Every structure is written in C-alpha cells, then in structure tokens.
Amino acid sequence: MGVRDQFQIIDTAGVEELAGIVIRPGGFTGLFNERADLLFRQSAALEDVWRGTQVAADVSNLQTPIQKLRHLDEELSRLVQARSHRSEIANYAVHLFRNKGLSVSKCAHSIGISERWLSQIFREEVGIAPRLWCRIQRFQDITRSLRDGTKVPLADLASSCGYYDQSHFANDFRAFAGLDATAYAAQTGRCQNHISES
C-alpha cells in the first residue's frame, strides 16, 4: 500500500491472483483521504482499504485478469477524479525533480519555501522525503533502461541516471531490488517493479 524504501519478498505460494497498484506522487491522499506518509512500508488487502464498497467483490467476480485490472483501473480513476486533492507544491516539486534535475535545496528555493516545509508537504502527499523519492526515481530509471535492453556498461548507465559514484549506485540497487544490478540485468521476463526469485 504505502511507498517502500526497500525491496519486499512476496510469497506467492498458494496465491491465485495478485495485483499491485503504483500510485503517482500526490495521488494517495485523493484515493484514501489519508496522509501518504502514515502508510510508509505498509501493505493491505483491497477489501481492507475500501471498506463498505463493492470493489473487491466486483473484481473477484470478473473472469479474466485483463477484465479485473481494467475494472480496478476504472474504479481508481473514478475515485481520483471525485476526490482529487493534490498539492500544487508537491506536483511542482515532482516536475522540478524529474525535468530539471534540481536538488532538494534548489527545488525549495525555486518554489519559494524552506527545505523543511517542502519535505513535510512532500512526505504527506507522496509518502516519503524528497531525497528518498529522487533516489528511487534514479533506481527506476536504471531498471527501466535495463528492462528495455540498454546495452551500456553499468557504470555509464549509473552515471547517466545521476549516480556520482559506483558505491552509491550498488548500495541503492541492492537496497531497492534485493540483488545487484548484474544479477538483475540477467533476469528474463522482468516487469518494472517485480522480479522472480529462483
């Protein structure tokens, strides 16, 4: 449910169906009427999240995985539109981090607020501190490149994604993926956020 700063092993033995939802920065508060940071590193079943709704029952009654995911996406989209409550500050900070590559201090200065205030708003809206979010985005950029078959040395890829030294890259990769980048790159059939444990 909540944002994570480390890998999680999901035991799928005996699990017939499992779906994960990636919520864009700031979308959590609109969906769940709760601060995103309160659910940091937490997981929950769909029926526990939307008590009093038919979402879980409706999804389980559908036949194919595509139908189930489509219905879940429609319900999430409807809820987001009905409850949209995204902070313009968090949205703009995400834009500055993604598109301008600004540091947290330069981002806060550009917005016209203190680093501390930016960090508080960001944690409440996105679920984690801005520096951690930037680290996760760098990691996601690398896994996306590896998944897409980019054929460059890992050190060059790490540098192009914003890592200034190999040790930070290796430590982040191991913390977020649970294995090193070389082992990850050797995996076949990868999804962006999931790998199969042999």
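Read in my numbering, the sequence shown has 157 at position 168, and its numbers run on one by one without any break. Each residue gets a CB set at the ideal place from its N, CA and C atoms; glycine is no exception. Since the model is a prediction, treat every value here as computed from it, not as a measurement.
The C-beta of R13 has fewer than 16 other C-beta atoms within 10 Å across all chains shown, which makes the residue exposed.
Here F128 carries a helix assignment [DSSP, helix/strand/coil].
Between the alpha carbons of P119 and D47 lies a gap of roughly 36 Å.
A79 and N50 have their C-alpha atoms roughly 37 Å apart.
The alpha-carbon separation between F17 and V11 amounts to approximately 10 Å. The C-alpha of L20 lies about 27 Å from the C-alpha of T132.
The alpha-carbon of G9 is positioned some 11 Å away from that of D62. Collapsing the DSSP output to three states places D154 in coil. Distance check between A175 and each of S92, E64, Q52 and L135 places L135 closest, using alpha-carbon atoms only. Sequence-distant Cβ neighbours of A144 in its own chain, meaning closer than 7 Å and more than five residues away, are Q155. Around R163, the same chain offers D169 as residues with beta carbons nearer than 7 Å, after the five sequence neighbours per side are excluded. I125 and Q56 have their alpha carbons spaced roughly 31 Å apart. In this structure, DSSP gives F29 a state outside helix and strand, which the three-state scheme calls coil. Apart from the 5 residues on each side of it in sequence, Y81 sits with its Cβ closer than 7 Å to the Cβ of I100 in its chain, given in chain order. In this structure, A25 lies away from E104, with their beta-carbon atoms at least 8 Å apart. Residue environment for Y173: buried (at least 16 other C-beta atoms within 10 angstroms of its C-beta). Distance from the CA atom of E77 to the CA atom of H98, rounded to whole angstroms, is 15 Å. The C-beta distance from F128 to D161 rounds to 6 Å, short enough to fall under 8 Å. By the beta-carbon neighbour count (other beta carbons within 10 angstroms, threshold 16), Y153 is exposed.
For the options F158, N88 and V44, the alpha carbon positioned closest to that of L68 is the one of V44.
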